[in-house]
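Asker: In terms of my numbering, the sequence shown opens at residue 1 and continues consecutively. Glycine included, C-beta positions come from ideal geometry on N, C-alpha and C.
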Amino acid sequence: MFTFRGWNIRTISLTLLCLLTFAATVVAQVDRATLNGTITDASGAVVPKARVELVSQTTGLHRETVTGSRGAYEVPALPIGAYTVTISMGGFKPVVIKDVEFAVGQARTIDAVLLVGAQAEVVEVRALEAVNRSTAEVGVAIESEQIKDIPLDGRNWAGLMALAPGAINAGNTDEQHAIRFNGKSLDDENYAFDGIDASGVQESAQKADVRLNISLDSVAEFRVSTSNYTAESGAAGGAQINIVSKTGTNSLHGSAFEFVRNDMFDAKTYFDNSPLPPLRMNQFGGSLGGPIAKKRTFLFINYEGLRQSLGDTQSAAVVPNAAERALIIATSPAVAPLVNAYPKGVKPNTADTTGLTDLTAPSGTDSTHEDYGMARIDHKFNDSTSLYVRGNIDKAFQQSPADSAGALNLTDVTAENFVIALQKVFSERLINEAKFGVNRSVWTPVVKGSLPISLSVGGFDGLTGSSKQEEAGTTFSWIDNLTLVRGRNTFKFGVDIRRIRLNNSGNAITTSSITYDTPGDFQHNLASGLSEDIGMGLMGMRRTFYMAYAQDEIKLTPNLTLNAGLRYEFYSVMHEVQGRSLTVSAACGGFCPEGAPFYKPQYHDFGPRLGLNWAPSVFRGKTVIRTGFGMYYGANQNDDFSDPTESVPPRYSATTNLKSNPPVQLFYGYDLSKPVNGVPTLSPKAIDFNRKDGYYENWDFNLQQQLPFSFVGQVGYVGSQGHRLFSKTTANGFLPGTNIRPIPSLSSYGLKSNEGNSNFNALQVSLQRRFQNGFLWQTQYMWSHAITDASIGAGEAVGVENNSCLRCDRSSTNQDVRHTFTTNAVYQLPFGHGGHLLTDGLAAKIVGGWALSGILSARTGLPVNITVSRAGSQMLDGITSGQRPNLVPGVSIYPAGGSTLQQWFNPTAFAAPLPGTWGNEPRYIGVGHGNYEIDTALSKRIAVSEHAGMTFRAEAFNLFNHPMFASPSASVGTVKQDKAGNWFIQPNAKFGQVTSILNSGVTGYGTPRRLQLSLRIDF
């Protein structure tokens, strides 16, 4: 639970003061919408001083402005939802436009022509689907009907991100760890909930698979902006995901629901014909929203729970039988605690010819218990001043077997997000919004072993020892945003300050392991090795982001808009709050003095943004040409910068050999500072002291066209190049031709730096129809190619083959997918009440209320990095990670008859590199299996009254049970030398075989067919 621990009265007072008085100051209003346009008369002349009024159809909020000397107007910072727009001027007939929907982040343009006439002669106009006539941004708003009706396996809102342009879904149980955009990494994504940072504090995506961290029923809409968003957004170089919570309205409304999954509804995996493990999954909850005071104060609350139980298919453990146990204890009484930790067997192990072992009958359950709650209160002091407070808390507990002998993985996860926001409309042209928010995530994985230490005995199954980690991260955000409309200019200024607190322990308790090579060694207590990883408890990491922007939207003409902005970001150097960190550097000869800075700060992260939007008058506003360019900096995931705290002695892994020494008597807390044999080796982690903040240069050019039947089509080119991107190498290898390391006291260690470069080019095509008259459609297609010489993110790091030549690894990225295609639709059949056909009688009750929705997702295969295993003696620097073979000239890497699941690659296309050289095969040269999936939902709503009803719904994920194959095995084999001195590859029998599916979890993209049933009551 969130507490104010560590806060003082001064901090709280300052926060409240900022919220109440920041109105004269300058996160962006990305969770709001904007209306603009130009008013003319019948002759085409502009009409200055015309009044434009908006009234919310749900809360009664009233906003108005007048047109300027050029007939232009703009109403910024609008809460999303449906409005009635009225345009009036003395001597002209008023124009009324009802049901004008504003999506999150949308800038909507409505031009109007005023006709001469009396004020009583009202002209009603239907709001047409509008093209974007304000910005060059590429993105999409996921609207309420999609959130409510599109089938989502696990009801994880993040799955809808795959509907955005540029999205690539690699397949996973957790979409936040599976969906990337425009060739960039997961680390490059930025999540905001009501404008407040909602990313995982440790890393961009949430640390664990917490499905309800933002419940679907608490989301009104969200927007995914993938390229060339304005200076209002930042803190990452990739996609901006902005989620807006639901609010109460002037009418009371609510819901209650339950979704049910069961193994009897599910299909088996392609490679496994054994019975499915028992599954019981229930997701249930409800919401309530309405007025506390009519047209003034509104409340919305939401709860959702998840209870999931999955039988765990463990293999039987091999354990010593009763006779062997007695013999071991009689010979070496000191090992009795280890022997007794083994579970009892239930039957003899017939495969063991020694007769020393039994087999257990393992049984286990993977269970998840999760509860989410959100509450939001909105208060309107008057039409010019409003305030809202919103908080949500998600708590999850997960349990699963850690081994076949009874150890358990126990994980507690808490995600919290709070915001208080004050909006002040000083005039029709000056608006300010101030926010303060808290984003907190706590992740505590514990292994509850049968022993304090891990035990490995040759011939028996191992026992997992107890361990514990703690990661608690909190981000405090202070945000202010000012909008000033002046003539043809709309100025926006803003600041966003984020204070990050990480209290982590990579290893909260000391963990040890002991190894015996054979049962005989175990009997005589002759251990072959003992290792110990010494923990130090929590380390406090601190960091602050300072971000500011200035943006100007200029109406050069009524049909030509220029967006020009500049964003500045400064990310302070991460530091340990008590100065306990130790950096590693060759310049220091190893460890630098305690508390030395991790790296140099960077003060010049200026990101210009430029966009041009032109709607040629010859096409009457139905065709828009857009282009833009921008520089986007990112902070990398905070987890990248905690490594110096993990290098603090005695937090290290140490190993020593004991077998040639007297029997070991002390198993717990063995003193490795006085090793029995050998010296413990330190393996630190390091950050490049001269690292720079990474950035992307993004550009696009696209054509958007309003089409018949309220469709909008778009075709465009999107490109980007990245510089100073995250890269991970291995440092302190042997100097070529020697056995000497630059830092002799240390082994080789991982070095994180920012030396990578990338390039991305794509053709993106979309067709969209917002929900109207019971029908919604959205299609996205992309051809793309992504290239890099580094990893595409810290969590997706790939070993470098030659650590002295990063550019030698320039290749397609590990997420380079050539073709992606998604289509989603919602269709309410036109029968019954509210439809066009069979609107009365028994027929209306039978055929009315039916709705169909679905998603088709398809993509070509993921790249495959084909590798070989090599000994350190074959390498000049002794570093063996990331090694690749040579290519045999003229031989295809694919079989002549085409790839099959049994042989995807041609093993004869690869040869062994000679010692002292690196393989010439490019990285990620292979491509795996393409996949497609169809998810559908069929529902029937039964009206109980005019405003209440029940909805029965059946959903099928991967409807046709099309197997979604994972990539083939990529290890060719091991480089060896024969007796004649020739080097060859000893083949890996499984190389090129496809032996698994994309996702074998309970939920997510890429599973076998899953069915789900639900019932919802709403009023």
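So what does DSSP say about D188, is it helix, strand or coil?
Answerer: Position 188 of the sequence shown holds residue 188. Residue state for D188 is assigned as helix, using DSSP reduced to three classes.
Asker: With 16 other CB atoms within 10 Å as the buried threshold, where does P608 fall?
Answerer: In the sequence shown, counting from the first residue as 1, residue 608 sits at position 608. Burial check for P608: the Cβ neighbour count within 10 Å stays below 16, so the residue is exposed.
Asker: Determine the direct distance from the alpha carbon of E428 to that of E124, and round the result to whole angstroms.
Answerer: Numbered from its first residue, the sequence shown carries residue 124 at position 124. Numbered from its first residue, the sequence shown carries residue 428 at position 428. If you take the alpha carbons of E124 and E428, they lie about 24 Å apart.
Asker: Are V47 and G71 closer than 7 Å when you measure CB to CB?
Answerer: For the purposes of this step, residue 47 is identified with residue 47 of the sequence shown, where counting begins at 1. For the purposes of this step, residue 71 is identified with residue 71 of the sequence shown, where counting begins at 1. Yes; because the gap between Cβ atoms is below 7 Å, this pair is in contact.
Asker: In chain order, which alpha helix (DSSP H) runs of at least 4 residues are fully inside the segment 101-163?
Answerer: 144-149
Asker: Counting beta carbon pairs with one atom in the segment 315-335 and one in the segment 236-249, are three or more of them shorter than 8 Å?
Answerer: The segment 236-249 makes no contact with the segment 315-335: fewer than 3 CB pairs, one atom from each, lie closer than 8 Å.
Asker: Using a beta-carbon distance below 7 Å, is G254 in contact with chain C?
Answerer: The structure shown has no chain C; it contains just one protein chain.
Asker: Quick one: Cα of V26 to Cα of E755, how far?
Answerer: Stepping through the sequence shown from its first residue, residue 26 is reached at position 26. Stepping through the sequence shown from its first residue, residue 755 is reached at position 755. Because V26 sits at a pLDDT of 36, beneath the cut-off of 50, its placement in the model cannot be relied upon, and the point is left open.
Asker: Quick one: Cα of Q665 to Cα of A334, how far?
Answerer: The residue given as residue 665 occupies position 665 in the sequence shown. The residue given as residue 334 occupies position 334 in the sequence shown. In this prediction, Q665 scores a pLDDT of 40, lower than 50, which makes its location untrustworthy; the coordinate-derived value is nonetheless stated afterwards. Cα-Cα distance, rounded: 6 Å.
Asker: I need the DSSP call for I594, collapsed to helix, strand or coil.
Answerer: Start at 1 with the first residue of the sequence shown, and residue 594 comes out as number 594. Correcting the residue type first, residue 594 is Glu in the shown sequence and not Ile. Three-state DSSP puts E594 in coil, outside helix and strand.
Asker: In whole angstroms, what is the alpha-carbon distance linking N273 and S745?
Answerer: Along the sequence shown, one-based indexing puts residue 273 at 273. Along the sequence shown, one-based indexing puts residue 745 at 745. Rounded to the nearest angstrom, the two C-alpha atoms are 53 Å apart.
Asker: Once DSSP output is grouped into helix, strand and coil, what is the label at V339?
Answerer: Along the sequence shown, read from residue 1 onward, the residue named residue 339 stands at position 339. In the structure shown, V339 falls within a helical segment according to DSSP collapsed to helix, strand and coil.
Asker: Secondary structure at A989, three-state DSSP: helix, strand or coil?
Answerer: Taking the first residue of the sequence shown as 1, we reach residue 989 at position 989. Correct three-state label for A989: coil.
Asker: Excluding sequence positions up to five away, which residues of its chain have a Cβ less than 8 Å from the Cβ of G289?
Answerer: Here residue 289 refers to the residue found at position 289 when the sequence shown is read from its first residue. Result list for G289: K246, T247, G248, T249, L252, H253, G254, F298, L299, F300 and I301, in chain order.
Asker: With a threshold of 6 Å on Cβ separation, who are the neighbours of N759 within its own chain once the five nearest residues in sequence on each side are excluded?
Answerer: In the sequence shown, counting from the first residue as 1, residue 759 sits at position 759. Excluding residues within five positions, the ones whose Cβ falls inside 6 Å are Q721 and I787.
Asker: Please state whether the Cβ-Cβ distance between V104 and N242 is less than 7 Å.
Answerer: Numbered from its first residue, the sequence shown carries residue 104 at position 104. Numbered from its first residue, the sequence shown carries residue 242 at position 242. Yes, these two residues count as a Cβ contact at 7 Å.
Asker: Use the C-beta contact count for E946: other C-beta atoms within 10 angstroms, 16 or more gives buried, fewer gives exposed.
Answerer: Within the sequence shown, numbered from 1, the residue matching residue 946 stands at position 946. Under this definition E946 is an exposed residue.
Asker: Counting beta carbon pairs with one atom in the segment 811-818 and one in the segment 860-870, are three or more of them shorter than 8 Å?
Answerer: yes
Asker: If you drop the 5 nearest sequence neighbours on each side, which residues of the same chain put their C-beta closer than 6 Å to that of I179?
Answerer: In the sequence shown, counting from the first residue as 1, residue 179 sits at position 179. In the same chain as I179, and ignoring 5 residues on each side of it, the C-beta atoms closer than 6 Å to its own belong to M161, A162, A167 and N169, in chain order.
Asker: Helix, strand or coil, according to DSSP, for M547 in the structure here?
Answerer: Here residue 547 refers to the residue found at position 547 of the sequence shown. Under the three-state reduction of DSSP, M547 is assigned to strand.
Asker: Would you tell me roughly how many angstroms separate the C-alpha atoms of L152 and Y388, rounded to the nearest one?
Answerer: One-based indexing of the sequence shown puts residue 152 at position 152. One-based indexing of the sequence shown puts residue 388 at position 388. Going by the C-alpha atoms only, they are around 30 Å apart.
Asker: Helix, strand or coil, according to DSSP, for P675 in the structure here?
Answerer: What you label residue 675 is simply residue 675 of the sequence shown in a count that begins at 1. A caution first: P675 carries a pLDDT of 42, below 50, which makes its placement in the model unreliable, though a value can still be read off. It is coil, neither helix nor strand.
Asker: If you measure between the beta carbons of Q704 and V618, is that distance less than 7 Å?
Answerer: Locating residue 704 in the sequence shown gives position 704, where the first residue counts as 1. Locating residue 618 in the sequence shown gives position 618, where the first residue counts as 1. No, they are not a contact pair.
Asker: What do you reckon, are the CB atoms on S1021 and G465 nearer than 7 Å?
Answerer: Lying before the first or after the last residue shown, residue 1021 is absent from the chain, which here runs from 1 to 1019.
Asker: How many Å lie between I1021 and S727 at the Cα?
Answerer: Nothing can be reported for residue 1021, as the shown portion of the chain is limited to 1 through 1019.
Asker: For R325, name the three-state secondary structure that DSSP assigns.
Answerer: Position 325 of the sequence shown, counting from 1, holds the residue named residue 325. Of the three classes helix, strand and coil, the one that applies to R325 here is helix, per DSSP.
Asker: What does DSSP give as the partner residues of W777 in its beta bridges?
Answerer: In the sequence shown, counting from the first residue as 1, residue 777 sits at position 777. DSSP, once it has assigned bridges, lists R769 and A825 as partnering W777.
Asker: Excluding the 5 residues flanking L1015 on each side, which residues of the same chain have their C-beta closer than 8 Å to its C-beta?
Answerer: Numbered from its first residue, the sequence shown carries residue 1015 at position 1015. These residues qualify, in order along the chain: F257, E258, M950, T951, F952 and R953.
Asker: Going by Cα to Cα distance, which pick from M539, G973 and L767 is closest to P987?
Answerer: For the purposes of this step, residue 987 is taken as residue 987 along the sequence shown, with counting starting at 1. Taking only the C-alpha atoms, the option nearest P987 is G973.
Asker: Of all the options S572, R807 and Y73, which has the alpha carbon lying nearest to the alpha carbon of R691?
Answerer: On the sequence shown, residue 691 is found 691 positions in, with the first residue counted as 1. Comparing C-alpha distances from R691 to each of S572, R807 and Y73 shows the shortest one belongs to S572.
Asker: Out of curiosity, what's the CA-to-CA distance linking A419 and A548?
Answerer: In the sequence shown, counting from the first residue as 1, residue 419 sits at position 419. In the sequence shown, counting from the first residue as 1, residue 548 sits at position 548. The sequence as given places Val at residue 419; Ala does not occur at that position. Roughly 20 Å between the two C-alpha positions.
Asker: Taking all protein chains shown into account, decide if G841 is buried (16 or more other Cβ within 10 angstroms of its Cβ) or exposed.
Answerer: Start at 1 with the first residue of the sequence shown, and residue 841 comes out as number 841. Classification for G841: exposed.
Asker: Using a Cβ-Cβ cut-off of 6 Å (strictly less than) and excluding sequence neighbours within five positions of Q398, which residues of its own chain qualify?
Answerer: Residue mapping note: residue 398 aligns to position 398 of the sequence shown, counting from 1. Here the set comprises T368 and T411.
Asker: Return the first residue and the last residue of the beta strand (DSSP E) that V1024 is part of.
Answerer: This structure does not reach residue 1024, given that the chain is present from 1 up to 1019, and the question cannot be answered.
Asker: Within 10 angstroms of the Cβ of P968, are there 16 or more other Cβ atoms? Answer buried if so, exposed if not.
Answerer: To locate residue 968, count along the sequence shown from 1; it is residue 968. Flag for P968 reads buried.
Asker: So which of L735, I431 and P913 has the shortest CA-CA distance to L484?
Answerer: Numbered from its first residue, the sequence shown carries residue 484 at position 484. Among L735, I431 and P913, the Cα nearest to that of L484 belongs to I431.
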